[in-house]
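**Student:** Below: one structure in structure tokens.
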Amino acid sequence: MYTSAAEIDELEAMRKNIRESVATLELCWSCQRVSHCDIAMVDDAAPVWLCRDCQDKLLSQEHLGACLWPSPWEVTAGGN
Ligand SMILES: [Zn+2]
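Sequential numbering from 17 applies to the sequence shown in my numbering.
And the structure:
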């Protein structure tokens with residue numbers, strides 16, 4: 017069985033892609049699924065990681081709303 021140098025390069029590129037993909041997996045802060053998440057700043061709160069679905073949901077909303085779990089920040093937010 018012969019494996020050409022090009023095939024080896026291809027396999028290594030594939031492995032590298034898989035590793036990079038796995039490295040970008042995060043637990044979505046909103047829906048709690050492991051997915052490709054991007055960091056998102058929510059108001060003045062700490063940055064959170066959100067999957068594409070949740071980011072789309074957030075973008076379609078004026079404000080955070082029911083997408084995210086209740087946070088302690090929201091409880092005290094109205095005070096000022
Ligand atoms: Zn999500």
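Just so it is clear, CB atoms sit at the ideal spot from N, CA and C, and this is done for glycine as well. Quick caveat, the model's predicted, so the values are computed rather than measured.
Have a look at 56, 31, 21, 36 and flag the residue whose alpha-carbon is nearest the alpha-carbon of residue 72.
**Tutor:** Start at 1 with the first residue of the sequence shown, and residue 72 comes out as number 56. It is 56 whose Cα lies nearest to the Cα of residue 72.
**Student:** Any heavy atom of ligand 1 within a distance shorter than 7 Å of the CB on residue 51?
**Tutor:** By one-based count along the sequence shown, residue 51 stands at place 35. Yes; taking the cut-off as 7 Å, the Cβ of residue 51 has a heavy atom of ligand 1 nearer than that.
**Student:** Alpha carbon to alpha carbon, what distance is there between residue 62 and residue 48?
**Tutor:** Numbered from its first residue, the sequence shown carries residue 48 at position 32. Numbered from its first residue, the sequence shown carries residue 62 at position 46. Cα-Cα distance, rounded: 17 Å.
**Student:** Tell me whether residue 69 counts as near ligand 1, meaning its Cβ is closer than 7 Å to at least one heavy atom of that ligand.
**Tutor:** On the sequence shown, position 53 is the one that residue 69 refers to. Yes, the Cβ of residue 69 comes within 7 Å of a heavy atom of ligand 1.
**Student:** Between residue 27 and ligand 1, is there a pair consisting of the residue's CB and a ligand heavy atom that are separated by less than 7 Å?
**Tutor:** The residue you call residue 27 lines up with position 11 of the sequence shown. No, since every heavy atom of ligand 1 falls outside the 7 Å radius drawn around the Cβ of residue 27.
**Student:** Would the beta-carbon of residue 46 be found less than 7 Å away from any heavy atom of ligand 1?
**Tutor:** The residue given as residue 46 occupies position 30 in the sequence shown. Residue 46 Cβ: within cutoff of ligand 1.
**Student:** Can you round the beta-carbon distance between residue 66 and residue 45 to whole angstroms, since I take them to be within the 8 Å contact cut?
**Tutor:** Counting from one through the sequence shown, the residue named residue 66 turns up at place 50. Counting from one through the sequence shown, the residue named residue 45 turns up at place 29. Confirmed, Cβ separation roughly 6 Å.
**Student:** List the DSSP bridge partners of residue 54.
**Tutor:** Counting from one through the sequence shown, the residue named residue 54 turns up at place 38. In DSSP, residue 54 forms a bridge with 66.
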